[in-house]
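2 protein chains.
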Amino acid sequence: MNERISLIRQHIQEKGEVKLSELEVFFEGVSSMTLRRDLKKLEESGDVVLTRGGAKSISHLSRIKEELYSKRSSENTAEKYAIAKKALEYVEEGRSIFIDSGTTVMYLARLIENQKLFITTSAPNVALECAKDQNAVINLIGGNLNRDNLSLSGITALNFLDNINIDTAFIASSGFSFKNGFTCGDYSEGEIKKKVIEKASRTIVLMDNTKFGKNLPFTFAKLSDVDLVITDDGVSEEIKKKLCQGVRKSGMAKIN
Amino acid sequence: MNERISLIRQHIQEKGEVKLSELEVFFEGVSSMTLRRDLKKLEESGDVVLTRGGAKSISHLSRIKEELYSKRSSENTAEKYAIAKKALEYVEEGRSIFIDSGTTVMYLARLIENQKLFITTSAPNVALECAKDQNAVINLIGGNLNRDNLSLSGITALNFLDNINIDTAFIASSGFSFKNGFTCGDYSEGEIKKKVIEKASRTIVLMDNTKFGKNLPFTFAKLSDVDLVITDDGVSEEIKKKLCQGVRKSGMAKIN
DNA sequence: CCACATGATGTTACAAATTAACAAAAATAT
DNA sequence: ATATTTTTGTTAATTTGTAACATCATGTGG
């Protein structure tokens with residue numbers, strides 16, 4: 040009895056909505072009245088809103104709303120979202136991953152759902168976002184909180200990383216040039232990134248087109264230190280090609 | 040034409056939902072088909088979901104959901120706020136303080152403003168809240184994030200505390216009884232609290248009346264380990280007196 | 001100024017979904 | 001084993017939604 044309801048819940052959570060007619064087909068032999076009552080219970084539990092002919096997931100609805108809202112209000116969100124979506128393809132179940140701080144990787148954190156993962160991050164807000172995924176184990180590196188970029192750093196954060204192994208690191212970069220490599224604006228933030236890249240088997244940098252050609256005071260990696268750069272269409276083919284040639288030849292990655 | 044729609048939007052935003060029948064009464068003379076079409080437009084704009092016989096505000100729905108999800112946070116808010124306000128009197132400029140995780144201490148975090156402080160915390164959301172205070176230095180202990188109470192714990196968190204000195208620790212407790220002392224529901228969370236209390240010169244426990252008489256599996260402190268218990272008026276004078284006699288005699292604290 | 005297009009609104013009949021009320025079956029307790 | 005509660009199924013009545021077309025207002029170019 041309870042099992043059917045949680046199956047329905049799960050389906051709605053995944054697909055965002057469900058029609059009663061679909062449920063009738065799937066649960067052949069169960070009367071539509073019963074399925075209706077199931078949906079009503081789900082509504083009472085607060086996960087779902089009943090619509091004509093079915094039900095919709097509330098969290099799904101609000102995510103859609105958020106996306107609509109942020110698309111209008113802030114800049115480059117579409118690009119950032121697209122970048123995050125590409126990066127998501129490199130998130131593999133069962134692995135240990137690192138997620139950096141920054142708006143672009145924050146989108147990535149939002150996209151991760153229902154995956155058994157070991158997530159280490161330097162950003163409290165990324166950690167809180169990931170906590171919504173019921174299956175992930177989340178580690179937050181300790182340290183001093185930088186008010187500007189809301190990332191953690193410092194000696195304790197560095198020490199923390201000593202005991203962590205990372206399959207794939209998703210790193211954000213505030214600037215990039217072929218001369219200076221990947222750069223950021225805070226020294227201790229750079230230290231963290233550097234150490235993470237050193238420890239990770241594979242490093243993926245997420246960076247929208249506005250970051251290209253910018254130099255910030257601290258270099259945390261050369262192009263050849265990373266395996267993949269994910270960016271958007273605002274970057275010329277020429278630069279993409281050059282990036283492609285410059286990354287570490289680990290055989291696992293290509294430029295997107 | 041547009042005016043009617045925004046009136047409807049406003050009404051839904053305020054009340055959370057609206058029935059078509061209500062709209063028909065309110066907009067006397069407008070056909071139900073038109074009102075239906077209006078709601079459809081609102082749905083397309085992403086603010087609203089259509090339900091049988093009306094529409095509901097998405098933001099309202101997700102708020103309800105959040106509240107259901109963290110029932111704790113919506114209960115006893117007045118008491119918790121009052122407790123936090125009392126605790127604020129013990130926050131002294133220039134000091135090193137520890138803020139625990141939990142809804143009550145979260146209120147305290149919100150109340151701290153424009154004070155030069157060294158704040159250490161085990162809660163990412165407390166850290167983010169404190170980051171709004173431009174003058175505080177914020178340290179977040181690293182570690183594993185507990186999804187239920189959004190607090191950090193584990194061996195790294197414990198090690199982090201080794202290098203931190205604390206003047207005053209503001210600790211939350213999920214339960215208290217004279218027999219078992221202060222208790223919480225998670226072992227590693229208890230470890231953190233225990234260590235903090237050990238290191239702090241002064242420990243203040245924040246706890247609303249609902250926690251009294253409750254025993255949770257892990258004891259992290261005896262009454263004599265702490266200097267002050269701040270609670271609300273829902274606690275009998277008798278208990279208050281007994282608490283007052285039981286706390287550590289450091290000469291700095293009294294029961295509120 | 002008129003004929004025409006466009007979009008919003010109203011009307012009707014019809015289709016679909018929902019509810020209510022009660023019966024049957026299954027699970028649980030006594 | 002029997003009583004009681006809970007879950008499920010069935011039916012008919014009610015409510016809600018849709019489609020299709022008619023009407024009205026508004027505005028535009030000739």
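Residue numbers (the numbering used here), protein chains in the order written: chain A, 40 to 295; chain B, 40 to 295. Just so it is clear, CB atoms sit at the ideal spot from N, CA and C, and this is done for glycine as well. Since we're looking at a predicted model, the values are computed, not measured.
Beta-carbon proximity of residue i to residue j, cut-off 8 Å
i: B/Ile136; j: B/Ile203; result: no
i: B/Thr242; j: B/Asp264; result: yes
i: B/Ser161; j: B/Ala196; result: yes
i: A/Val144; j: A/Phe157; result: no
i: B/Thr159; j: A/Thr90; result: no
i: A/Phe251; j: A/Cys223; result: no
i: A/Ile138; j: B/Leu100; result: no
i: A/Gly285; j: A/Lys253; result: no
i: B/Lys155; j: B/Glu131; result: no
Limits of the beta strand (DSSP E) - the one that residue i falls within
i: A/Phe251; result: A/Phe251 -> no beta strand (DSSP E), and no H or E assigned at all.
i: B/Ile177; result: 176-179
i: A/Gly214; result: 214-216
i: A/Lys58; result: 56-58
i: A/Gly220; result: 220-223
i: B/Leu267; result: 267-269
i: B/Gly182; result: 182-185
i: B/Ile158; result: 157-160
Residue range of the unbroken alpha helix (DSSP H) whose run includes residue i
i: A/Asp201; result: 194-201
i: A/Ala239; result: No alpha helix (DSSP H) contains A/Ala239, which is instead part of the beta strand (DSSP E) from 239-245.
i: A/Ile208; result: Correcting the residue type first, residue 208 of chain A is Ala in the shown sequence and not Ile. Careful: A/Ala208 lies outside any alpha helix (DSSP H), inside the beta strand (DSSP E) at 205-211.
i: A/Gly285; result: 276-285
i: A/Asn164; result: 163-169
Exposure of residue i, with buried meaning 16 or more beta-carbon neighbours within 10 Å
i: A/Phe217; result: exposed
i: A/Glu168; result: buried
i: B/Glu230; result: buried
i: B/Lys280; result: exposed
i: B/Asn174; result: exposed
i: A/Lys171; result: exposed
i: B/Gly273; result: exposed
i: B/Thr142; result: buried
i: B/Thr116; result: exposed
i: A/Asn178; result: buried
i: A/Val69; result: exposed
i: A/Ser112; result: Low per-residue confidence applies at A/Ser112: pLDDT is 49, beneath 50, and the placement is therefore not dependable enough to give any value.
i: B/Ser275; result: exposed
i: B/Glu83; result: exposed
i: B/Lys54; result: exposed
i: B/Lys234; result: buried
i: A/Lys232; result: buried
Neighbourhood of residue i by C-beta distance below 7 Å, restricted to the same chain and skipping five residues each side
i: A/Arg48; result: Leu81, Asp86
i: B/Asp77; result: Arg43, Ile44, Ile47
i: A/Lys59; result: Note that residue 59 of chain A corresponds to Leu in the displayed sequence, not to Lys. Taken in chain order, the residues that qualify are Ser71, Leu74, Arg75, Gly92, Gly93.
i: A/Asp271; result: Glu118, Ala121, Ile122, Asp247, Asn248
i: B/Arg287; result: Ser263, Asp264, Val265, Asp266
i: A/His50; result: Val57
i: B/Gly182; result: Leu191, Ser192, Gly193, Thr195, Ala196
i: A/Ala148; result: Ile138, Val165, Glu168, Cys169
i: B/Leu255; result: Ser213, Gly214, Thr222, Cys223, Gly224
i: A/Gly220; result: Thr258, Ala260, Lys261, Leu262
Own chain partners of residue i with C-beta closer than 8 Å, once the 5 adjacent residues on each side are dropped
i: A/Asn185; result: Leu191, Ser192, Asp225, Ser227, Glu228
i: A/Ile236; result: Ala208, Ile210, Thr242, Phe259, Ala260, Asp264, Val265
i: B/Leu189; result: Ser140, Ala162, Pro163, Asn164
i: A/Lys79; result: Leu89
6 Å Cβ shell around residue i - same chain, five flanking residues per side excluded
i: B/Lys95; result: Glu56, Val88
i: B/Ile180; result: Ser161, Leu191, Ala196, Phe199
i: A/Glu63; result: Ser71
i: B/Leu127; result: Leu150
Whole runs of the beta strand (DSSP E) within the stretch 67-145 of chain B, excluding any shorter than 3 residues: 87-90, 93-96, 135-138
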